[in-house]
Each structure stands twice: as C-alpha cells, then as structure tokens.
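Novice: Protein chains in written order, with this note's numbering: chain B, 1 to 413; chain E, 1001 to 1413; chain D, 2001 to 2369; chain W, 3001 to 3369.
Built from N, CA and C at the ideal position, the CB exists for glycine as well.
Computed from a predicted structure; not experimentally measured.
Quick one: structure below, then a few questions.
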Amino acid sequence: MSENTAMNFNDSPEELAYREHVCQWLQENTDEYRDIDFQSMTEHEELPYSRRWQAAKAAAGFAAIPLASELGGGGGTAMQSIIFSQEEAKYNLPFYGYFSIGLGMAMPTMATFANETFKKQLLPKLLSGEHIWCQLFSEPSAGSDLGNVRTRAIKDSDDWVVNGQKVWTTQGHLSDYGIIVTRSDPSVPKHKGLTFFFLDMKSAGVDVRPIKQINGESEFNEVYLTDVRIPDSQRLGNEGDGWKVALTTLMFERQAGSEHSLGLLEEGDVMDFLSSITLDGKPALDDSYVRGKLADWYVKMRGLRYILYRRLTAHSSGSVPGAEAAMGKLVEAQATLDMTRFCMDLLDLNGIAITGSAFKALPKQVKTYLKSPGIRIAGGTDEILRNTIAERVLGLPQEIRTDKHVPFSDVKG
Amino acid sequence: MSENTAMNFNDSPEELAYREHVCQWLQENTDEYRDIDFQSMTEHEELPYSRRWQAAKAAAGFAAIPLASELGGGGGTAMQSIIFSQEEAKYNLPFYGYFSIGLGMAMPTMATFANETFKKQLLPKLLSGEHIWCQLFSEPSAGSDLGNVRTRAIKDSDDWVVNGQKVWTTQGHLSDYGIIVTRSDPSVPKHKGLTFFFLDMKSAGVDVRPIKQINGESEFNEVYLTDVRIPDSQRLGNEGDGWKVALTTLMFERQAGSEHSLGLLEEGDVMDFLSSITLDGKPALDDSYVRGKLADWYVKMRGLRYILYRRLTAHSSGSVPGAEAAMGKLVEAQATLDMTRFCMDLLDLNGIAITGSAFKALPKQVKTYLKSPGIRIAGGTDEILRNTIAERVLGLPQEIRTDKHVPFSDVKG
Amino acid sequence: MNFEFSADQHELQNQLSRQLADAFPIARVMRVLEGDLAERKLMWREFVELGYLGMAIPENYGGVGYGYLELCLMAQEIGRLGIPVPMLSNIYLAAEAIVQFGSEQQKQNWLPKILSGEVNATFAWSEDDNGQAPDVINCQLDSGLLSGVKTPVPDTDMADIAVVVANGRNGELALCLVNLKQQGVSLQPLEVIDEASPHASISFDGAMAEVLGGVAVDLDRLFNRAAVLLAFDQVGGAQQCLEMSKSYAAERFVFGRAIASYQALKHKMVDMYVFNELALSHGYFAAWALENDADELAQAAAGVRLAAIKAYEYAAAETIQIHGGVGYTWEYPCHIYFKRSRIAAASLGGKRRWQNKLVSSLIESGATI
Amino acid sequence: MNFEFSADQHELQNQLSRQLADAFPIARVMRVLEGDLAERKLMWREFVELGYLGMAIPENYGGVGYGYLELCLMAQEIGRLGIPVPMLSNIYLAAEAIVQFGSEQQKQNWLPKILSGEVNATFAWSEDDNGQAPDVINCQLDSGLLSGVKTPVPDTDMADIAVVVANGRNGELALCLVNLKQQGVSLQPLEVIDEASPHASISFDGAMAEVLGGVAVDLDRLFNRAAVLLAFDQVGGAQQCLEMSKSYAAERFVFGRAIASYQALKHKMVDMYVFNELALSHGYFAAWALENDADELAQAAAGVRLAAIKAYEYAAAETIQIHGGVGYTWEYPCHIYFKRSRIAAASLGGKRRWQNKLVSSLIESGATI
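Have a look at this one:
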C-alpha cells in the first residue's frame, strides 16, 4: 500500500541529498577513466579497469546498493540504486556488467544458503570484483523449461560427481565460480529431483567453450562437465530442493534486474539520429510518417520508464516485484528491433554499414540490429514472458501439462 | 498442377466472350431496377425485388454459375462466376445475399443427400429465389466447436422429435427451410452421435427470435425448437453421420465463398475518402503518414485479390479450395477495422457522425466500424482460422484435446 | 520521488468505486443506449447529488476542494463503469475553461450553477470543415454576437449553455459563453456511433455571447488538461474490458477446456494488460503534471492521450473478440466500451494530431524518447 | 486469365531447386559468412557454369532466351538457399541496365562477357549524402571522366566494372560504364551487417567512363524491374524461414510437448505464411507486369517490394525467435536469412521511399487499393 504522501515526480529532500553525495563521490573517483577509449578495447584489456572500478564502488558502499545488508548488500533503497545508476551513466567508465550475475544472483543465494565459512571467504571478493561468477542453469533441452535439467549429480561419499552439458552461460569463460542446478534423482517427477550447488569453475572436468553469436561476438558459453567433483559442503539447500533454490535465485535476479532497462538503444539515440538527418531535403522530424513512429515509441519506451518508477515506489514501500517486471523486457526487446530497423531504413543502402557511415549515431543502431534477436530470447522468450504474465499476474489457467506427476525418466522430448 | 499456358492477367478470348455475353444480358435486364433507392428500403420492402432479380438470373443460368450441374448449378467455371459478379456489381440492384446460404450450402447438400422427390420439389424454388433457406448449426455452446451440438433428436416411429436451441441463424426469420445438425446419441464420443436433417421452418415448435447486434440491426436469430417433428425422410445422410455431412456442407460453402471478399469497405472507398480531404491545409494524400498507411493496406487488400486470382486458376484446373481460403477473411476483417478507424480518426470529432457529415464517403466507414467486430467472429474467429491454417495448411500438430474418445455426456463445459 | 497516489486518494477511489457501482449498474447504462435519454438525465442528476462534481474546484466556487489527482481517479471509475455522464464537455472542458480563463465574476456566476447541476454546460469546438487544421475556426464573434456552425457538439440533450471556440474580431481565438435557449440558436441532432453519447450540430445566427476572460486564450492548454482527465476515463474502460475478458474466458469452454487456457487468448489478454499498464503509468506522470501545472504538461498530456487511445481501442475490440458471437450482441455490455472508446479517441481530436503535438513538444523541450 | 506459372516453368523451377541445393549446400554459404571470399568467387564461377545466368537475355547476346518469369523463379530458388551470388548488382541491375539503355554495340560488347563470367559487373547508385533525396546525385560525369564517391557499392570483392549513376553535364541522370581496374578508382571496403555481402566505398577521381545509351535514363524503370526480381529472392528466403521453423518446432519439446503444438508458435507461423502468400501473390502480378512490360509495372513493383520486405523481415526475425537460443548462434543458419533480409530491404532504397512511389503511382493511374 502506498504511503500517505503526495505523488511527487521530483527528488524528495532525502533523495536530493543522496544524489548530491553520489555526484560528489563520482566526481572525485572517475578522473582516471575519463579519457580512456574502452569501446575499442578487447575484453581482456578492459577487465582490469572494470575490476578496479568495481573495487572502488565496493569500498564506498555503492557495489550492491539495494541488496539487503544481511545478504551482503548496501541495504539501501531501490531509488538510491536508480539515482546512482543515473549519475554513473554520465561518466566514461569501463563495462561493469561482468559482476552483475554475481551480485544479482550468486551473492543473495550464497548469503541465504551457504555456510558461514564460504560466505566469509567468497562474498567480499565477489563484491569487490576480484571474483567473477556465472550461473549454470540452462541446458540444450532445458531453456524455457528449466525443470527439464538433465545434468546428472551422483553422490559419492562426501562429494557429488557431476556430468552433463550447460549452455548460455554468460561470462563462463571469465568466471571463478558458478552456481548450478543438477538432477540428483531422475525417478521422481521433474521438479522434485533437482539439487543446487556452487562450484569452482577451475575444477577438473569443467570445459568452457564460447558460443559464437550471429553478430560474431561470444557473450555466452557452453560448459561441458565431465566427472566434476563438487564437495557436499557446496550444496545450497537440501538434496532434491534444487527447484526451490533456483526459484529463489530467479526472484533475486528479478529484484536486481527490475531497476534497469536493456538500454541497448538508449533514450535519445533515436531522437538524436532523426534530428541529424533530412528526408527529401527536409528535416526528418518534420515528416509526418517519422513523427507517427516516434510517437508510438515514445508511448512504449517512456511508458516503461513510468512503469519502472511505479514499481520502484512500490518496492520502496516493501512490496516484492512480481512477474509484471517481465513486461519491460517484453516491450523493450521488440521496440528495440523496430526502432533499429526504422533508423536503418531511412538511410536506404547507407543503413547497412557499420563503418564508413557519415551518420554518427547510426553504427550503434546497426550493431543493435544484430543483437536485438538475442534479447527477445535471453532471459525468457517473448512467448514465455507472456505465459508468465498471463499466469502469475492475470491469474489465467496454465497450459495443459502432460509432463507433471510422471517420473522425469518417462518425460518425452 | 497448372496448365502449360502462359501466365496472363487479362481475359482469355473465351473469358472475354463470356464477359461480353454477361454485359449484354445485364444491360438488357437491369433497367427496371436502375432508379430505385434500395438503400433506404426495409428488408420487407426490398425482398420482392430481390426475388424478382434472383428469378431472372435463374432463368438465364446465372443463379449458381460455378456449382456443378449435377448439384443443380450452372456447371460454369469459377472464373465465369467472378466475371459475372464483377459486371453485376456495376449496376444498382437489390440485395441478393438472401439466397446465398441456400445456393452455397443447402442446394449442394440437398443435391447430394436428399431423395429425388425432394430434389425435384425444392431445388428449383431455391434457385429461383421463391424459397429462402437457412442453416441451423451453431448453438450457445457450439460455436467454434461444432462437435459440441446439444440439440437433441429422438426417433419416434417415422419421425424425429427435436428439442434445443440454435443461434446465429442468418435470415432465420425469413426462411422457408433450414438444414440442421442434431445430437441423436449422447452416449458416444462427441463427433459420432450427430444426425443431419432439413426441416420446414414453418413447422410447429419452431420459434425464431432476432438477435439485436451492437449496431442495432438484426441479421442473425436464435431459433428455439420445442418438440419439432421432422420426418425421417428428411434425414440427410445416415443416422450418426451428421458430422460428415456437416463437413461436406462446409466444404461446399468454402467453394462458394472462396470467390468473394467481404467487401464491407470496398476497394476505392478509402482512396476516395483520402482524395477528398485535406490535412493541415494540404491534400491528405500528400501526407507521408497517410501514404505509409495506405501502402500497408494496399499490400494487404490487393495481395488478397491476387491470392484469390491464384486460387481461381487452381480451381479452374480442378483443385478444391483448401483451408488457405480462411486467409482472406483473417486478413480482411482486421484490415477493415483498421482502415475504418484510420479514416474516422483523420476527421477528429467529425469522424463519429453517421449523419450530418460533410464527407460523402465517410458514413460507410462509420457504419463499418460497428460491423467489423462481427466479421472478425462470424464464420470462424481470427483464432480459429489461424488454428485451421496451422493444422490443415501448414500441417502443425493439433492442440491437446481432452474431449476426444469420451462419451459426449461426460465432456466438460 | 513518490510515484503513487496517496493512501487517502486510493481510499477515496475505492469509496467512489463502490458508490458508483451501486448507483449506476450496467442495466441503467443499457437503458440509455436504448435511447432513453430521460434515464440519462436522471443518472446525471443522481451523479451530481453524490457531491463529487467539483472535485478539483475550490470551495468558494461551489467545489469540493480536492485536486486534479482525485479528479483523475474519479474519471477512471466513471470510465470503468461506462457511466454516460457528460463529464468531458461539462466539467473537464467547459467548467475548466471558466476556471482557467474566466474573470472572477464569471467564475462566481457560473461555476456554482454548473457544479450544482442547475445549469449544464457543453463545449463546442469542432466544425464541419474539410480544412482539418486545428486552429482554423470559422465561427465568428463580433460585438458580442456569435455566428457560425459547430458540429458535432456533445451532450446537447442536456446542455443549457455552451462554451464556444470562436474567432474574435482581431482574428485571435476566443472562448465565449452562449445560452443555448435563445433565439438565434438552433440544434440539429446527429446520429453518431454511440447512442449513449448524443451529439448535435448547432447553428448560431447572431446569438448573444459572453466572452470568457481576455480575448486570446491558450486552447492547447485547455485541451492538454482535458486530455489527462479523459485518459483516466479511457484507462478505466480498458481495465474493465480486460476484467470482462478474464471472467468470460474462465467460464466459457471450447473443445473441453476453458478458453482462458488457450495461448492465443492468454497472450491477447497479456497484450491488453501491457497496453493498459503503459497508459496508466503515463497517466500517473500526466496527473502529477496536471496537478502541479508542470512544464511537462504538454508532453505528458500528448503521451497519455496516445497511450490511452491505443489501450482502450485495443481492449474494447479484443474483448468482443474474446467473447465471440455473444460479444457482438446488443445484450452483452462489450459494445458500451467499443463505442465509448471511439468517441473518446475522437473527442479531443484524433491520433495524428496528438502525435504531431507530442513530437513538437519533444523537439521544443529538447526531450528524448 | 491465367494466374499461374506454366507447367514447364514449374518444372524448370524444380530442376533448378535440385541443382542449386546439390551444388550450394548451406555449409558453403557458412564458409562465405566466415569471411572466405575465395569460396564466394568459386561459388559464383560454378553458378555461372550452370548456364542459367542469361535466363531473360536474348541468345544473340549470350543469353539463354527464356524470359523474366523464369528469371523470377530462379531468383526465388537462390533466395531460398541463401546463395551469396551477386545477382542483384550484376544481373538484375548492371546487365539489365545495358539491356534497357545500352546501344546495340554496348550490348554486343558487354553482355556476353558478363553472362560468361568473364567480366563481373556491379551497380553503383548510393551516395553518402545526408540529403536522402532519391534523385540528388553528386557524382559528376564530364567529357567521359567520372568524379565523386559512391557508397556503399555491393559485391566489390568481385566486380571488374561498374554501372554508375551520375549527373551528366546538363544535369540529367546518366548511367556510365566504368572499368574499376584503372587509375583514378580506389576502393575502401566497409564493414556491413552481412559478412556474405561485401560492400565498399568507391572514389572516382577523373576515371574514364563510357556513357550508356542516351544521356537521360529512366532510373525508376530500372529499379522497378530489379525490385520484382529481388522480391522473388526475398520470398524464397521467407519461405525457407517458415520451413526451418516448422521443422525445428516439430522436433523441439518443451514441457513435454513439441513446441509446434503451442498456439503462440502455431499462430506465429500462420502469420509468416500469410505474409509470404501475400508477397508471393503480389509477385505473380509483378512478374507478369515485368515480362509483359505492362503499364502496371511501377505499381506492381512497389507493391511486391513492400510485401516482400515485410514478409522476409518478419520471417527472418521470427524464425530466430522460434528456434530460441540456438537461433541466435552462428552455428544455426537463421542468421543467413536475418542478414540477407535486411540487405534486401535496403538495397533498392528503404520502405518509406517505396511507399511514396506506390502511392504516387496509385494517384497517377487513378487506381484504388
């Protein structure tokens, strides 16, 4: 329920104070990055800068602002986190997304389920960027249907022996640690026989292979696990409770992710581009076809921002973000593809060139063209997100399921 | 398979000869209707004219051109039927759709399944417009799912006693005869216990009640059947074969219907309207927003016409129209609503007025606004049509069905 | 930053929701659609008597003295129930025009009468001109006499007076108050797509008219303010369409399953939900801008108007589709919303006009999408 | 009226389909995407040797002497298999320009060389100008010497000569033939979104150029003709995307069911099918107009181009979506089509330009939608 305070679209006095604090800290701590061209660096060239920036944020309490302090976070508000992100975005800084799976998923899960020794040993290094973490959930036949995990874990004295294949492992090739869902008992229905661990990615038998994407880059990996031994002490949650632990992790992810938009094609990119070109000799922004499209996207993109603000207010008053957070990605992913195509189209044949374009704003759009199909899939396809919203927000009935209540070993597919 | 003749978008010599024949006949036989204002007539005022026109067409062999002669039709080609329709549309004539269910569905079904006495007695009067026929298929819980029919037929010596309720009966209130699907055996699975009849709509116990639509008109009816006796001689097909007979009827309907588009918002209406107005002081057709929309609709509406032409050529060489005919209604129904809204929108508040508009073309669009939701439903909703195309044209698997192979009396809903 | 109505405001909304649902059941709305305009007048009188009409108007003019945030929430509840009361023409436009542009004396003279229901006002801006330019007005005001034709004018079954958009003698836009019950004013009722929303052409032939405030008025500002309020009505209607869809789809079985379990309909309802949430969230921002008379009002109003048109038109058409055949019958309430959604989309000017306003305001303010 | 290709034409298409599938398996296409341009040259040589290149060109110029209907069907098969051969620049534009506008001697000189693969031509029209007006060309042809920059120019990895759109001395549009292997011509390769479709900037600095035919040429006519042929390539690609989607969806199980049984994906594939059929059917009309040089060509070309852009872009994006994660990997062939679909959408100018052309031709001809 909302507080009994007036709706206010501007910073409250407390927020303003926090913003000033953030601004001052950023001013004092970002000089060393200001003139570095991170865009043209390789991952390995950039990573040391990223770690350094992350360590600075951790030392100053900005590394995990909204995460509860008992989970290792800053215990701040979601609004503070947004304020920090808004201000941080104004500076030239190295990419710090390497740490987001660790901070958003691994850290709260570890804080909830790991023993004290591991927490003390690992969480500070996670927070400071010394360690990179990944998550090993998806498999070739367990994407939308996470319950379909086949990677097998068999108990062997104090260890578990794990065999199988994981896929879509973001930053797997850089990771020190990972969290993983395995099948420990195939004789019970699919959601009941899973067990959750964390593992050292340097363990024997872990083979990380980059997946080449359609844009030629490799952000994801396949991870082959061959007789990988995981100590039972690295089990998170009870044997057979892997599904529940995974849901908890995903809920943490949703909380962490709910504050940000994809930002592939950032606000202003489209407007800037359209301001810079002419059509048939007149400014593109005078053209009524262009204006109509622009208005459509404004309604979507700006609407998502307002939805986010509403969620933040709700979050600030203690409510947990529900599946309606899926809406943001659903709308933005499609809009990104549409905006991208539209911008490219207005330039005729010049719209296909990544280099050599006279239009400064465009290479970003062109690169986004090859990324946008991926964002409509990663983290839940449009169709899965619609199912989620239909069932969890609108309360509509589930699809008929033929794979429930039967032993996993009997499920088709 | 196509003939080995060159693609030709113009009339062949035979077609040209037929067109000339049609043109001449129309010129000679339409004078009496030329100056009559049918638009402002009531149904009962117009109907005698409609019957007279239908009788004239029947006498000249134009009443059911494409229907096989063994089914009572003209035995002509689909192309001839199109040519006749194209030329007929150029004249001011009374509405002749009253006879289309009779000609398209009842006549071929009767010709296939009724006994010789009935055929001799009834088909000529159907063809000449003396009798109007309706079909009694849908029920309150048997719309998309025709197999769900509950209207009960119980054998009683040489008669069947029929009780139940039918709905969406077009022209039911005008009809002399109807064809009807009933459930004769609820103890077998849903598609197996149906039996098909024709009945005299003046029989005791037949109560026809018009359904008021959202536009205030009533094209459809509910028909309540209370102890209606139908002689067994009026059974069409075997007892329990009602599903098969109904599918045959629907196939005939598809053949008859496949040659025409909905034509609610006819070609040219939108273009005419846009040519007649200005936006911000400039011709609407100069506006690039308007041009973009117009181009989109051209692609759809003109594309449908070319699809129709392709189907006609296929039809001419003997192939039976498949479920791809569903595509026409699917695309046109949505496009009609969109075009309608768009035209109304450009006139701001003037776009809501049926009378009093300065823009001659508009009242048609405004009336279409209140009709278009109906055409997205009648004859199969968008969703059912997509299922049909998916399963019958693309060969994709059916939905999981829980209502097959169980006695109808046990089916939920 | 607090992007939520207050607890008190939500409580007021709940209370309104209950009161209005009790007083104006769908059967009464249907009676109006059937052409029973006496019922409409009765509903309006009862609505006035509930005492919320002057929600955003100061108490010294007969108002309740809440604010625009509360008025937005009331609009949402009216829209949800599809109640055929003349809020847009009478309150969001005419009364608001008097508040914004009227002299002190005009406010004191007219507002209490309007808010008590003693006088019903309407707002006449549209003209039957092929020019389709927003600012091309042919009605002429000269020495206190008004001549020209306004069409369509809403709610003419009830209106006693009209606030009319006209050209002043020097060519500036002027608003004037005209008593409709005088010689020199004649009404010609029009058939429009919504039977519950009577409109007419009004001819003025040298009718006496009282100029509102100074001669040059900022009509855009008035339309922006009304657009925010109308958008809440639209969102309320769209939300109700989703609710009706959910209920019907849960109860209707086809092929042995509730139709709500089919992905085609589930995903359609998700799309409704998404459009509704986008519109509602634009509404939050616009309501704040309206209440605070913020610089962002023009942009916020255009944004919420476009979002609300989209949401309502989609929801109203698709709830008919989800209902199938019965959705197309007069008996089911879907058409109340299908008709209202179109009237709302047209009432302050169509989509293209607001797209242009939005982009112009983006360019002016240097804002980005 | 006969709205179908002849039995012979369909037989030719089947034969082509088999031959091309045998000769150019997807693995070879993938090799080109990996940057192996030698493989691309090899594929082109093999393609030339199949002997169909001059499908629509008279035998006395080294052609095969079929017609444009057959060339359309070949384009469809090339598009279906995503073969990275330079048909648009070399055959549909450059060779066609020589056929349409060249002198008899130019035809005899150049066409046999192009059709035998002895000389590869490209077509250079685009310039890097913010003006974005179709007819604003800055390249200047003066006394047989060409100066200016064309960018992007397609298929520059193979091209020996280019047909270049330039301004003649009197300001009329001119086409000229330029040997690219001469001093005064320099190439700057560009990175574009499709690795299998090399493009470059070409600077001409007083390069020797041979004017094609008379000086003023009807460039629209050439683009209209090429648009029809390219559209068949696009439709072939779109159809292949649907086929890949159907196969994958039949084999992939989620929640215990083939994903092809979920309505969300079934209906998506139906939408692909509908867009494809609309485009193909516009294609039939346009192919007829092309073959018969009908008055309707301009309208038919714009119609099929817009329909084909829509169909291909939808199918190529949605086949990735239906494939899920693997669809976004390099390993699966979806991206061949996703990239080709965008290059095709840009290659003869974007959607807005063709919308304008379509509506202009509708207005001119008094046609209706």
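Quick one: which chain B residues come within Cβ less than 9 Å of Gln2263 of chain D?
Specialist: Looking up residue 2263 of chain D in the third sequence gives position 263. Residues of chain B passing the Cβ test: Glu383, Arg386, Asn387, Ala390, Glu399.
Novice: Counting only beta-carbon separations shorter than 8 Å, does Lys1212 of chain E have a partner in chain D?
Specialist: Position 212 of the second sequence, counted from the start, is the residue given in the question as residue 1212 of chain E. Yes, Lys1212 of chain E counts as interfacial toward chain D.
Novice: If you pair each beta-carbon of the segment 2019–2029 of chain D with each one of the segment 2076–2085 of chain D, do three or more pairs fall below 8 Å?
Specialist: yes
Novice: Just to confirm, is the Cβ distance from Met7 of chain B to Ala3346 of chain W under 8 Å?
Specialist: Position 7 of the first sequence, counted from the start, is the residue given in the question as residue 7 of chain B. Position 346 of the fourth sequence, counted from the start, is the residue given in the question as residue 3346 of chain W. Not a contact, by the Cβ cut-off of 8 Å.
Novice: What residues in the segment 333–352 of chain B have a beta carbon less than 8 Å from any beta carbon of chain W?
Specialist: Leu337, Arg341, Met344, Asp345, Leu346, Leu347, Asp348, Leu349, Asn350, Gly351, Ile352
Novice: Kindly indicate if chain D contains any beta-carbon less than 8 Å away from that of Gly1380 of chain E.
Specialist: Counting from 1 along the second sequence, the entry for residue 1380 of chain E is found at position 380. Chain D, which has no Cβ nearer than 8 Å to the Cβ of Gly1380 of chain E, makes this no.
Novice: Take every Cβ of the segment 3302–3312 of chain W, pair it with every Cβ of the segment 3231–3241 of chain W, and state whether three or more of those distances are shorter than 8 Å.
Specialist: yes
Novice: Establish whether the CB of Asp145 of chain B and some CB of chain W are separated by less than 8 Å.
Specialist: Position 145 of the first sequence, counting from 1, holds the residue named residue 145 of chain B. Taking Cβ atoms only, chain W reaches closer than 8 Å to Asp145 of chain B, which makes this a yes.
Novice: Closer than 7 Å by C-beta to Phe1084 of chain E: which residues in its own chain qualify, once you throw out the five before and the five after it? Chain order, please.
Specialist: Taking the second sequence and counting its residues from 1, one reaches residue 1084 of chain E at position 84. Its chain contains Val1022, Phe1062, Ile1065 as the residues whose beta carbon lies nearer than 7 Å to that of Phe1084 of chain E, once the 5 sequence neighbours on both sides are disregarded; these appear in chain order.
Novice: Please classify Ile2091 of chain D: is it buried, with 16 or more other beta-carbons within 10 angstroms of its beta-carbon, or exposed?
Specialist: Residue mapping note: residue 2091 of chain D aligns to position 91 of the third sequence, counting from 1. By the 10 Å Cβ count, Ile2091 of chain D comes out buried.
Novice: Inspect the beta-carbon positions of Lys3150 of chain W and Ser3126 of chain W and report whether they are closer than 8 Å.
Specialist: Stepping through the fourth sequence from its first residue, residue 3150 of chain W is reached at position 150. Stepping through the fourth sequence from its first residue, residue 3126 of chain W is reached at position 126. Contact: yes.
Novice: Beta-carbon within less than 7 Å of Asp3239 of chain W's beta-carbon, same chain only, minus the 5 sequence neighbours each way: which residues are those?
Specialist: Your numbering for residue 3239 of chain W matches position 239 in the fourth sequence. The question names Asp, but residue 3239 of chain W in the sequence shown is Gln. Around Gln3239 of chain W: Arg3080, Asn3276.
Novice: Span of the alpha helix (DSSP H) holding Leu2362 of chain D?
Specialist: Taking the third sequence and counting its residues from 1, the one referred to as residue 2362 of chain D is at position 362. From DSSP, the alpha helix (DSSP H) with Leu2362 of chain D extends over 2351–2365.
Novice: With C-beta atoms as the reference, is Gly1303 of chain E less than 8 Å away from His3010 of chain W?
Specialist: Within the second sequence, numbered from 1, the residue matching residue 1303 of chain E stands at position 303. Within the fourth sequence, numbered from 1, the residue matching residue 3010 of chain W stands at position 10. No, these two residues do not count as a Cβ contact at 8 Å.
Novice: Does any CB atom of chain W fall closer than 8 Å to the CB of Tyr1018 of chain E?
Specialist: On the second sequence, position 18 is the one that residue 1018 of chain E refers to. Not an interface residue.
Novice: Run the CB neighbour count on Ile36 of chain B, radius 10 Å, all protein chains shown included, and call it buried at 16 or more, exposed below.
Specialist: Here residue 36 of chain B refers to the residue found at position 36 when the first sequence is read from its first residue. Answer is exposed; the Cβ neighbour count stays below 16.
Novice: Tell me the DSSP secondary structure of Leu347 of chain B in three-state form.
Specialist: Taking the first sequence and counting its residues from 1, one reaches residue 347 of chain B at position 347. Looking at Leu347 of chain B - three-state DSSP - the assignment turns out to be coil, as it is neither helix nor strand.
Novice: Could you check if Gln2015 of chain D is buried or exposed, using at least 16 other CB atoms within 10 Å of its CB as the buried criterion?
Specialist: On the third sequence, position 15 is the one that residue 2015 of chain D refers to. Answer is exposed; the Cβ neighbour count stays below 16.
Novice: In the DSSP assignment, what are the bridge partners of His173 of chain B?
Specialist: As a position in the first sequence, residue 173 of chain B is number 173, starting the count at 1. Its beta-bridge partners do not exist; DSSP assigns none.
Novice: May I have a chain-ordered list of the beta strand (DSSP E) segments no shorter than 3 residues that lie completely inside the segment 2090–2173 of chain D?
Specialist: 2121–2124, 2140–2142, 2145–2154, 2161–2167
Novice: Of all the options B:Phe252, B:Gly74, B:Ser175, which has the alpha carbon lying nearest to the alpha carbon of Met201 of chain B?
Specialist: Here residue 201 of chain B is taken as the residue at index 201 of the first sequence, counted from 1. Nearest of B:Phe252, B:Gly74, B:Ser175 to Met201 of chain B, Cα basis: B:Ser175.
Novice: Please give the ranges of any beta strand (DSSP E) in the segment 125–168 of chain B, keeping only runs that are unbroken, at least 3 residues long and fully inside the region.
Specialist: 133–136, 152–156, 159–166
Novice: Would you please verify whether the beta carbon of Phe3003 of chain W is less than 8 Å from any beta carbon of chain E?
Specialist: Translated into the one-based positions of the fourth sequence, residue 3003 of chain W becomes position 3. Output row for Phe3003 of chain W: interface = yes.
Novice: Within a Cβ cutoff of 8 Å, which residues of the same chain sit near Tyr1091 of chain E, ignoring the five residues on either side of it in sequence?
Specialist: Working through the second sequence from its first residue, we reach residue 1091 of chain E at position 91. The answer, listed in chain order, is Leu1026, Thr1030, Tyr1033, Arg1034.
Novice: State the Cα-Cα distance for the pair Ile307 of chain B and Leu3115 of chain W, rounded to the nearest angstrom.
Specialist: The count along the first sequence starts at 1 and reaches residue 307 of chain B at position 307. The count along the fourth sequence starts at 1 and reaches residue 3115 of chain W at position 115. In a straight line, the C-alpha of Ile307 of chain B is about 60 Å away from that of Leu3115 of chain W.
Novice: Do you know whose CA, among W:Ile3322, W:Phe3003, W:Ser3341, lies nearest Met1079 of chain E's CA?
Specialist: Counting from 1 along the second sequence, the entry for residue 1079 of chain E is found at position 79. When C-alpha distances from Met1079 of chain E are compared across W:Ile3322, W:Phe3003, W:Ser3341, the shortest belongs to W:Phe3003.
Novice: Over the uninterrupted beta strand (DSSP E) stretch that includes Arg209 of chain B, give me the two end residues.
Specialist: The sequence position of residue 209 of chain B within the first sequence is 209, counting from 1. Start and end: 206–211.
Novice: Quick one: is Ala3097 of chain W buried, meaning 16 or more other Cβ sit within 10 Å of its Cβ, or exposed?
Specialist: As a first step, residue 3097 of chain W must be located in the fourth sequence, where it is residue number 97. Buried, by the Cβ-count rule.
Novice: At what residues does the alpha helix (DSSP H) containing Asp410 of chain B begin and finish?
Specialist: Position 410 of the first sequence holds residue 410 of chain B. Where Asp410 of chain B is concerned, there is no enclosing alpha helix (DSSP H), given that its DSSP letter is neither H nor E.
Novice: Between which residues of its own chain and Arg2031 of chain D is the CB-CB distance below 8 Å, once the five residues before and five after are set aside?
Specialist: Along the third sequence, one-based indexing puts residue 2031 of chain D at 31. Taken in chain order, the residues that qualify are Glu2039.
Novice: Below 8 Å on the Cβ atoms is my contact criterion, and I expect Asp1227 of chain E with Asn1163 of chain E to pass it. Report the Cβ-Cβ distance as a whole number of Å.
Specialist: Translated into positions along the second sequence, residue 1227 of chain E becomes position 227. Translated into positions along the second sequence, residue 1163 of chain E becomes position 163. That belief holds up - the Cβ atoms of Asp1227 of chain E and Asn1163 of chain E are roughly 6 Å apart, short of 8 Å.
Novice: Is it true that the CB of Tyr1224 of chain E sits closer than 8 Å to the CB of Gln1135 of chain E?
Specialist: The sequence position of residue 1135 of chain E within the second sequence is 135, counting from 1. The sequence position of residue 1224 of chain E within the second sequence is 224, counting from 1. No; because the gap between Cβ atoms is not below 8 Å, this pair is not in contact.
Novice: Could you please give the first and the last residue of the uninterrupted alpha helix (DSSP H) stretch that includes Ala1056 of chain E?
Specialist: In the second sequence, the residue the question calls residue 1056 of chain E occupies position 56. Element bounds for Ala1056 of chain E: 1043–1060.
Novice: Put Tyr3066 of chain W into one of helix, strand or coil per three-state DSSP.
Specialist: Start at 1 with the first residue of the fourth sequence, and residue 3066 of chain W comes out as number 66. It is coil, neither helix nor strand.
Novice: Candidates D:Leu2073, D:Asn2060, D:His2323: which alpha carbon is nearest Leu2290 of chain D's?
Specialist: For the purposes of this step, residue 2290 of chain D is identified with residue 290 of the third sequence, where counting begins at 1. The residue with the shortest Cα to Cα distance from Leu2290 of chain D is D:Leu2073.
Novice: Would you say Phe2255 of chain D reaches chain E, if we count a Cβ-Cβ gap shorter than 8 Å as a contact?
Specialist: Residue 2255 of chain D sits at position 255 when you count from the first residue of the third sequence. Yes, its Cβ sits closer than 8 Å to a Cβ of chain E.
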